[in-house]
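So for the sequence shown, our numbering puts the first residue at 18; every next one is plus one. Backbone N, C-alpha and C fix where the C-beta goes; we use that ideal spot for every residue, glycine too. Only a predicted model underlies this, so the values are computations on that prediction, with no experimental measurement involved. Accompanying notes for the structure given below.
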Amino acid sequence: MANRYWRSPQQARLSRRQVLAAAGAGAAAAGVLAATRGGSLLRAPTATAASEKGYGGRFQVSLPFQIDTLDPHTSVALGSTYVPRIYNTLVAQSQVDPDTIFFDLAQTMERPDENTWVFGIRPGVKIAPNNMDVPQRNMDAHDAYESFERVRTLDFATGAAFARDWIESHEASADGRTYTIRTPQPYAWFLQRLGSPFTTIPPRELLRGDTNRMRTAAVGGGPFAGSYLNGHLSLNRNQNYYRTDPNNSDAQLPYLDGMDGIPIFDRNSRRNAFLLQQIYQYTARDSVEADQLLNQANVYQGAVEPVFTFISVTMNVKRPPFDDPRIRKAMMHAINRQQYIDLIYAGDARANGLVHWPTGAYALPDEELEELQAFNPELSRTLIQEAGFEPPLEINVMFPANSTIEEHSSHLPIFLQQMEDAGFEVRQDPMDFITWLVNYTNTDYDCSLALNQIYETPETPLDFQHSNGPAGDGLFSHGLQDEAIDAAIDAAKAVTDPQALVDAIHQLQRDIYEAGPTFLPIVSPFSRTLYWNFVKNIPQGLGSAGLFQSDWWLGPEVRGPSGDANCDDDIDAI
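Below is the structure:
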């Protein structure tokens, strides 16, 4: 994908050393990741000539749970999967493949010193046709400025901690062609945070008006615009989209007429919908199910990749008994991760430490984890007694009820039994997803068996151990309330030498284990996503950066009548 949009760091006017330093030892992690990713294409799609590419068709996908909002700055759930298809980013570096950077609203990136980033804005990034009173104009640096200013000042913005802590100043040139960010010091994860779905850039007209309308309607300079109404997502082609396909005579992108998201919360129902071609992709539960479907239907499996998320046990150190590190350690030693791997994923997963294994070299080696967080229910009982309690110790645990997200409903019975075996009596507090999310966001819990977002770096899992929490202001977690741990977490973020950063994160994890961690990732599986063979050129191996790609298409059997990149009818955002 080394074209005018996907470029290597050298093509970005930065030396490789500068980019890898700014990215936080991406290459160091990537080397290990390549060795741990596992598997290969079980059935690769047949190569398709450029002449077979065509316009039309709507990609059908399931929504496994409700989208919280299409506002990119406040989304914490499924909305973040779709906002990169609507809004622009400046640049997005793939954490899975750090050599790949997607240049979107920015067409150049320069770093005159270690704290200054200068982005040259791409001309012709035009806003989609819409009925939201947003003019069909070109996006510019002023949109970037107002967008990041909103993230900096909006307390509940998902990227608020990044923008407040790491954007010391920023400015748009008067002509709108240049956008400059200055950080207070070097920042290991700058490019990853800058290119996150949570910091994508809406047109400034949306930010100046009633932003509540951004919850259900969205329009920008990305490949699609659309709406989320009555549980259904509808994205329609941006006929003004700037990108073209250099491998197909510069044909205008995207090829798709749109995407439709259908609410299907039950896994079996999603599988059946996939087999009936009501949806065009399906993520198998494990390798066993993937193999069954590969032998059953005319489908192929994408690259086998690690899943950068997990279910966690999250404890609130401001509430007893979790204010006692012995109780937190008792919880830690009660967890038998191998049981989750075997029973839920049929062996198609790996155990996590405080930093999940898909991040590669940043995770501690398995043999060290087996010592630091050993499954030992007898030790758990001893620690409970040393803390002044007699087993069984009653604890309150909240969780999203009946949730199939990340196989949560399968984790729950294993968790409950393991806690009972280790001397805990769990008082269950099941909640609907939205109620759980509100309480979890506001740290209104004793303990939670929690869902998590996709974390492609160690930063967020470690920030759960920080007193300010992963989003700042104590949202989601109060951390360990340990000044030394806080200082060590903060110091690691400024380390830009690749190996030094890996070493710092390793030592930080050891220190947190000693203090009694408050956030315990359980396991991360491998992802085995299946597609019908008429889905062509689907992005793979790029992580969340791949969400910005739009040069995939559908075969003629499902394209429908459109087939024209320049049809006359406008497609409104809603």
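Whose CA, out of R102, W206, D85 and P129, lies closest to the CA of I506? W206
Quick one: what does DSSP say Y317 is sitting in, helix, strand or coil? strand
T175 to Y457, Cα distance in whole Å? 14 Å
Thinking C-beta only, is T195 closer than 9 Å to A158? yes
Below 8 Å, how does it come out for the segment 93-106 and the segment 564-571: are there three or more Cβ pairs, yes or no? yes
Tell me whether V305 sits in a helix, a strand or coil according to DSSP, three-state version. helix
Do L537 and L371 have their CB atoms nearer than 9 Å? yes
Using only the alpha-carbon positions, how far apart do A391 and T170 sit? 43 Å
Suppose the cutoff is 8 Å on Cβ atoms and the five residues either side in sequence are ignored; what does the same chain contact list for L492 look like? F173, T458, N459, T460 and G486
Determine the contact status of P453 and F416, defining contact as a CB-CB distance below 9 Å. Note that residue 453 corresponds to Trp in the displayed sequence, not to Pro. Yes, Cβ-Cβ distance for W453 and F416 is below 9 Å.
Buried or exposed for P478, going by 16 or more other Cβ atoms inside 10 Å? buried
Please work out which residues of its chain come closer than 6 Å, Cβ to Cβ, to S57, disregarding the five sequence neighbours upstream and downstream, and give them in chain order. With a pLDDT of 26 at S57, under the threshold of 50, the predicted position of this residue should be treated as unreliable, though the coordinate-derived value follows. Result list for S57: empty, nothing under 6 Å.
Specify the secondary structure class of P475 as computed by DSSP and reduced to three states. coil
Taking E388 as part of the beta strand (DSSP E), name the residues at either end of that continuous run. Taken as a continuous stretch (DSSP letters only), E388 belongs to no beta strand (DSSP E), being part of the alpha helix (DSSP H) at D383 to L389.
Using C-beta distances below 8 Å, list every residue in its chain close to Y162, excluding the 5 sequence neighbours before and after it, in chain order. H187, E188, A189 and Y196
Identify every residue that forms a DSSP beta bridge with W134. I198
Can you tell me whether Y245 is helix, strand or coil according to DSSP? strand
Among all the DSSP beta bridges, which residues are the ones paired with G275? R75 and N253
Inter-residue spacing [alpha-carbon to alpha-carbon] between W569 and I296: 16 Å
How long is the line joining the alpha carbons of P152 and Q124, rounded to whole angstroms? 23 Å
Is it buried or exposed, A191, if we count other Cβ atoms within 10 angstroms and call 16 or more buried? exposed
For G319 versus T546, is the C-beta distance shorter than 9 Å? yes
Using the Cα positions of Q524 and N265, report the straight-line distance between them to the nearest angstrom. 50 Å
Tell me the rounded alpha-carbon separation between V93 and Q470. 7 Å
For N379, the three-state DSSP class (helix, strand or coil): Sequence inspection shows Tyr at residue 379; the Asn mentioned does not correspond to that position. The answer is helix: DSSP assigns Y379 an H, G or I state.
Output yes or no for whether 9 Å exceeds the beta carbon distance between F441 and M348. yes
Please report the residue range of the beta strand (DSSP E) in which W453 lies. Note, W453: premise wrong, no beta strand (DSSP E); alpha helix (DSSP H) at F450 to T458.
Rounded to a whole number of angstroms, what is the C-alpha to C-alpha distance between N229 and Y259? 28 Å
First through last residue of the beta strand (DSSP E) which encompasses W549: T546 to W549
Chain C beta carbons: is any one of them nearer than 9 Å to that of A488? In the structure shown, chain C cannot be found, because there is only a single protein chain.
For S329, three-class secondary structure by DSSP: strand
Can you find at least 3 beta carbon pairs, one from the segment 361-378 and one from the segment 291-311, that sit closer than 8 Å? yes
Hey, how far is the Cα of Q445 from the Cα of D340? 20 Å
P129, DSSP secondary structure in three states: strand
Assuming N353 contacts F327 under a Cβ cut-off of 8 Å, what Cβ separation, rounded to an integer in Å, is found between them? Contact doesn't hold; Cβ gap of about 15 Å is too wide.
What are the boundary residues of the alpha helix (DSSP H) that includes N289? R284 to L292
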